[in-house]
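There are 2 protein chains.
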Amino acid sequence: MTSMNPPAAVETAKHQRGHLSRERLAIAGLKIARTEGLENLTMKRLAKAVAVTPMAIYRHFEDKSDLIDAVLDRFVQEQDICNHGVPGKDWAGWLERTYSNMYDGLQSMPSVYPYLSSGSRFGAGATDVVTQSLDVMEAAGFSRERAAQAASTLNGFVIGCAIMDNAFYQSLSAKDKALHSNLEPRLQTGLRLIISGLKHELSVQS
Amino acid sequence: MTSMNPPAAVETAKHQRGHLSRERLAIAGLKIARTEGLENLTMKRLAKAVAVTPMAIYRHFEDKSDLIDAVLDRFVQEQDICNHGVPGKDWAGWLERTYSNMYDGLQSMPSVYPYLSSGSRFGAGATDVVTQSLDVMEAAGFSRERAAQAASTLNGFVIGCAIMDNAFYQSLSAKDKALHSNLEPRLQTGLRLIISGLKHELSVQS
DNA sequence: ACCTGAACACCGTTCAAGT
DNA sequence: ACCTGAACACCGTTCAAGT
Numbered sequence: 007m008t009s010m011n012p013p014a015a016v017e018t019a020k021h022q023r024g025h026l027s028r029e030r031l032a033i034a035g036l037k038i039a040r041t042e043g044l045e046n047l048t049m050k051r052l053a054k055a056v057a058v059t060p061m062a063i064y065r066h067f068e069d070k071s072d073l074i075d076a077v078l079d080r081f082v083q084e085q086d087i088c089n090h091g092v093p094g095k096d097w098a099g100w101l102e103r104t105y106s107n108m109y110d111g112l113q114s115m116p117s118v119y120p121y122l123s124s125g126s127r128f129g130a131g132a133t134d135v136v137t138q139s140l141d142v143m144e145a146a147g148f149s150r151e152r153a154a155q156a157a158s159t160l161n162g163f164v165i166g167c168a169i170m171d172n173a174f175y176q177s178l179s180a181k182d183k184a185l186h187s188n189l190e191p192r193l194q195t196g197l198r199l200i201i202s203g204l205k206h207e208l209s210v211q212s
Numbered sequence: 007m008t009s010m011n012p013p014a015a016v017e018t019a020k021h022q023r024g025h026l027s028r029e030r031l032a033i034a035g036l037k038i039a040r041t042e043g044l045e046n047l048t049m050k051r052l053a054k055a056v057a058v059t060p061m062a063i064y065r066h067f068e069d070k071s072d073l074i075d076a077v078l079d080r081f082v083q084e085q086d087i088c089n090h091g092v093p094g095k096d097w098a099g100w101l102e103r104t105y106s107n108m109y110d111g112l113q114s115m116p117s118v119y120p121y122l123s124s125g126s127r128f129g130a131g132a133t134d135v136v137t138q139s140l141d142v143m144e145a146a147g148f149s150r151e152r153a154a155q156a157a158s159t160l161n162g163f164v165i166g167c168a169i170m171d172n173a174f175y176q177s178l179s180a181k182d183k184a185l186h187s188n189l190e191p192r193l194q195t196g197l198r199l200i201i202s203g204l205k206h207e208l209s210v211q212s
């Protein structure tokens, strides 16, 4: 299982000295997180994956939470949430698509949920999404303050919805479970509810 | 710190044989979780707290996740989310109060957030909140299916909002952070947005 | 500068033994 | 039936040493 036939041009760089870096480690770490779950990304496991001693990682990362942050940041970047076709002028459509993408991204790696909460900060990637959202809404006529408020609401709803679809759902009684299961577009419904509220605000204001 | 003056009639039961039980352990566990964080609730730490060997716990709990579930369930029960003055007839007020209480409960122990997501199921306590919500809304004129959908949205928003207020907030740029900080009633705003959407639905329908 | 090796204080958990 | 004690395979991390 180590290396009979060369895999698929994935790990071309052999492990010579100096070929370890934050980026290479973050990539390898994300790979482990994707395939085995973020909870199984451990210093020793990552070290084995890049054929190195656990302590070698500490030359590039302060500690484990530093590594996790880097992996999460890379995860968000790769998701590329804002890079969809919808133009910023269609602010409502842009928001719906963006936060729908965010949901999909989260669902693609459920093991991130525990890390969404405290400590581990999402880096440049996540900040980008917020900033772009604010810009789009400001251009549409919202105050930046109101835009920040709305982005918060959307973010909160998407994260909560993702978490619920993954877990809370299972703690319902059988009867109510059945009711939940046949309403698939819960996210869409919620997003539109919030966005239509914003639309109404804008039309009243102008 | 062990027992010079009797504390406050909290741990009356001395550690004789047979005085260990799921309930006593769950209570002691919740106490640790409250004071030191749920992440520091460990088998060995709990064992020390009840003056027993770690393995004694396994007589009462399958494994650690079983213990965590029991502690979380007790946490929800103690929160007593639905036990407020608002009558069920005022369904909108009831919902706002209930989910506002839920938010407060979550914020009172932020270390639960990582456990909100996967695996650990909230037990009877959480199911109760959902069931009562559905009943209140059904009585107000919603179909049970639509009520389930709405409860989902509310739940998702509250959880997401709580998580964000605790963490996501910190990953904003300084500029946007300032904008966020002076809008305290983000929860209230969001709750009312969702509930007013429901009100509108009901008025159209009838 | 970059990595290794041995060691430490923790985990959850198993298994065999005591009362 | 209920609890103890020793042991195992894991953690993250420190410190001293190699190249």
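Taken in order, these protein sequences are the chains called E and Z.
Numbering-wise (our numbering), the first sequence opens with residue 7 and increments by one.
Numbering-wise (our numbering), the second sequence opens with residue 7 and increments by one.
Every residue gets a Cβ at the ideal spot worked out from N, C-alpha and C, and that includes glycine.
Please read these numbers as outputs of a predicted model, since none were measured by experiment.
> Given W100(Z), which residues of its chain have a CB within under 6 Å of its CB, disregarding the five upstream and five downstream residues?
Replying inline: The residues are V92, G94, V142.
>> Pop quiz: S114(E) and L197(E) are said to be a contact at Cβ under 8 Å. What is the actual Cβ separation, rounded to whole angstroms?
In response: Not confirmed; about 18 Å, so no contact.
> How far does the alpha helix (DSSP H) with S209(Z) in it reach, from first residue to last?
Replying inline: Per DSSP, the continuous alpha helix (DSSP H) segment holding S209(Z) begins and ends at 192 to 211.
> Is M143(Z) close to chain E, meaning its C-beta is less than 8 Å from at least one C-beta of that chain?
Replying inline: No - not a single Cβ of chain E is within 8 Å of the one on M143(Z).
> With burial defined as no fewer than 16 other Cβ atoms inside 10 Å of the residue's Cβ, what is the status of Q155(E): buried or exposed?
Replying inline: By the beta-carbon neighbour count (other beta carbons within 10 angstroms, threshold 16), Q155(E) is buried.
> Hey, does S158(Z) have any beta-carbon neighbour from chain E nearer than 8 Å?
Replying inline: With its beta carbon less than 8 Å from one in chain E, S158(Z) belongs to the interface.
> Mapping DSSP to helix, strand and coil, what is D139(E)?
Replying inline: For the record, residue 139(E) in the displayed sequence is Ser; it is not Asp. Correct three-state label for S139(E): helix.
>> Need the endpoints of the alpha helix (DSSP H) that D72(E) sits in, please.
In response: Element bounds for D72(E): 70 to 85.
> Apart from the five residues just before and just after A34(Z), which ones in its own chain have a Cβ nearer than 8 Å to its Cβ?
Replying inline: Cβ neighbours of A34(Z) beyond the five flanking positions: L52, A55, V56.
>> Less than 8 Å between CB atoms is the rule here; does L122(E) satisfy it with respect to chain Z?
In response: It does: the Cβ of L122(E) has a partner Cβ on chain Z nearer than 8 Å.
> Where does the unbroken alpha helix (DSSP H) through D96(Z) begin, and where does it stop?
Replying inline: Segment: none, D96(Z) is in no alpha helix (DSSP H) and carries neither H nor E.
>> Please state the DSSP three-state secondary structure of C88(Z).
In response: Coil, per DSSP.
>> Can you tell me whether L31(E) is helix, strand or coil according to DSSP?
In response: L31(E): helix per DSSP, three-state reduction.
> What does F163(E) reach in chain Z if we use C-beta pairs closer than 7 Å?
Replying inline: Contact annotation for F163(E) against chain Z: G162, F163, G166 [CB-CB distance below 7 Å, chain order].
> Within 8 Å (strictly less), CB to CB, does Y105(Z) reach chain E?
Replying inline: Among the CB atoms of chain E, none fall inside 8 Å of the CB of Y105(Z).
> For the region 129 to 155 of chain Z, which residues have a CB atom closer than 8 Å to at least one CB atom of chain E, in sequence order?
Replying inline: Sequence-ordered contacts of the region 129 to 155 of chain Z with chain E read G129, A132, T133, V136, T137, L140, R150, E151, A154, Q155 [C-beta pairs closer than 8 Å].
> My guess is that V118(E) and F81(E) are in contact by the Cβ rule of under 8 Å, so how many angstroms apart are they, rounded?
Replying inline: The pair is a contact, with the Cβ atoms about 7 Å apart (cut-off 8 Å).
> Which chain Z residues sit within Cβ distance under 8 Å of M170(E)?
Replying inline: Neighbourhood of M170(E) in chain Z, by CB distance below 8 Å: S158, N161, G162, I165, in chain order.
> Secondary structure at V56(E), three-state DSSP: helix, strand or coil?
Replying inline: Correct three-state label for V56(E): coil.
>> With a threshold of 8 Å between beta-carbons, can I196(Z) be considered close to chain E, or not?
In response: Residue identity differs from the one stated: residue 196(Z) is Gly in this sequence, not Ile. Chain E, which has a Cβ nearer than 8 Å to the Cβ of G196(Z), makes this yes.
> Helix, strand or coil for F67(Z) per DSSP?
Replying inline: Correct three-state label for F67(Z): coil.
>> Give me the residue from T59(E), D75(E), K50(E) with the minimum Cα distance to A32(E).
In response: When only C-alpha atoms are compared, the closest one is D75(E).
> Straight-line CA distance for T3(Z) to N172(E)?
Replying inline: It is not possible to answer for residue 3(Z), since the shown part of chain Z is limited to 7 through 212.
> Apart from the five residues on each side of it in sequence, which residues of its chain come closer than 6 Å, Cβ to Cβ, to P60(E)?
Replying inline: Closer than 6 Å at the Cβ level, and outside the excluded window around P60(E), lie M49, K50, A53.
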